[in-house]
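Peer 1: Here's a structure for you.
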Amino acid sequence: SNRPPLHTAWSSQGRSDALAHDSSRPTLSSGLGLQHISMVVKCCGMVARLWQQECQVFFELCFNTRVTRVTASGQEVVKVMRPIPVGLQIICLDDSAIARQSLQHMLSAEIPGATVTTYGKYVAEVAEFKKAALNQGHVLILDQHVDFPEANLLGTDIVKELLAAGYKGFACIRSGNAAEADRALSRQSGAHWHVGKEVRLRDMVNELMSEYDSFL
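Mapping to the numbering used here: the sequence shown position 111 is 324, numbers consecutive.
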């Protein structure tokens, strides 16, 4: 081939325009394709690399998968999680603006393809949350204490109401209290999982998807 060799290895962890002005690139190449690859793999939590050895050019894509180890009959078994369902709808209720923003960002970043919607800015949004949950929700994440000037609500009470109204999806209570009594209250409400707010959001998302996989 008469294309110039790739003198410098490229990685999505480096500058997205690393090859845009590299003298080793073909004359007609703008590096736009690699910039697009970089944006996509970063969004999906992957790492891409491109390099050349003699006359061969290599492309490598690295990504993490989630597995859960369980023990059965004295033998260690690795459980491989199902792929994340296409069109997953995650709906959150929290009275804290910071919590809503953090959940929106982390869930969207860690679960590619999921649609994340948050409610809780005003007390009127609680009714909107319930309607969205019943109409399209697959995963619900509710703050246990949802407090407004007009009313102080409990996430567990809302879960009970939604289940009684026919909600069939997964419901999680996220609370600043993680004592056994609080977990028991969540279980009694019908919630499928209780997680403390002390758990890092990225870890919470990983545990959430493991719990949701078991629910399915």
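Glycine included, each C-beta is placed from N, C-alpha and C at the ideal position. Small disclaimer: the values here were computed from a predicted structure and weren't measured.
Quick one: what's got a C-beta closer than 6 Å to residue 407's C-beta in the same chain, skipping five residues either side?
Peer 2: Within the same chain, residue 407 has close Cβ partners 386, 396, 399.
Peer 1: Just to confirm before moving on: does the CB-CB distance between residue 421 and residue 315 stay below 8 Å?
Peer 2: It is not a contact, given that the beta carbons lie outside the stated cut-off.
Peer 1: Between the stretch 297-307 and the stretch 343-356, can you find at least three pairs of beta-carbon atoms closer than 8 Å?
Peer 2: Yes, the stretch 343-356 touches the stretch 297-307.
Peer 1: Residue ranges of each alpha helix (DSSP H) run of no fewer than 4 residues wholly in the stretch 316-352, ordered along the chain?
Peer 2: DSSP runs (the alpha helix (DSSP H)) wholly in the stretch 316-352: 337-349.
Peer 1: DSSP puts residue 386 in a beta bridge; with which residues?
Peer 2: DSSP, once it has assigned bridges, lists 355, 407 as partnering residue 386.
Peer 1: Please report how far the alpha carbon of residue 326 lies from the alpha carbon of residue 253, in whole angstroms.
Peer 2: Each residue's Cα considered, the two are about 12 Å apart.
Peer 1: Counting only the same chain and skipping the five closest in sequence on each side, list residues whose C-beta sits under 8 Å from that of residue 367.
Peer 2: Same-chain partners within the cutoff: 357, 358, 359.
Peer 1: Distance, Cα to Cα, residue 313 vs residue 320?
Peer 2: Computed Cα separation, rounded: 11 Å.
Peer 1: When the Cα of residue 361 is compared with those of 383, 337, 255, which residue comes out closest?
Peer 2: When only C-alpha atoms are compared, the closest one is 337.
Peer 1: Considering residue 412, what are the terminal residues of the beta strand (DSSP E) in which it resides?
Peer 2: Taken as a continuous stretch (DSSP letters only), residue 412 belongs to no beta strand (DSSP E), as it is neither H nor E.
Peer 1: Give me, in chain order, the residues of the same chain whose beta-carbon lies closer than 6 Å to that of residue 273; leave out the 5 immediate sequence neighbours on both sides.
Peer 2: So the qualifying residues of the chain are 262.
Peer 1: So, residue 250 versus residue 225, is the Cβ gap smaller than 8 Å?
Peer 2: Closer than 8 Å, so yes.
Peer 1: Going by Cα to Cα distance, which pick from 394, 389, 423, 403 is closest to residue 410?
Peer 2: Minimum Cα distance to residue 410 is reached at 389.
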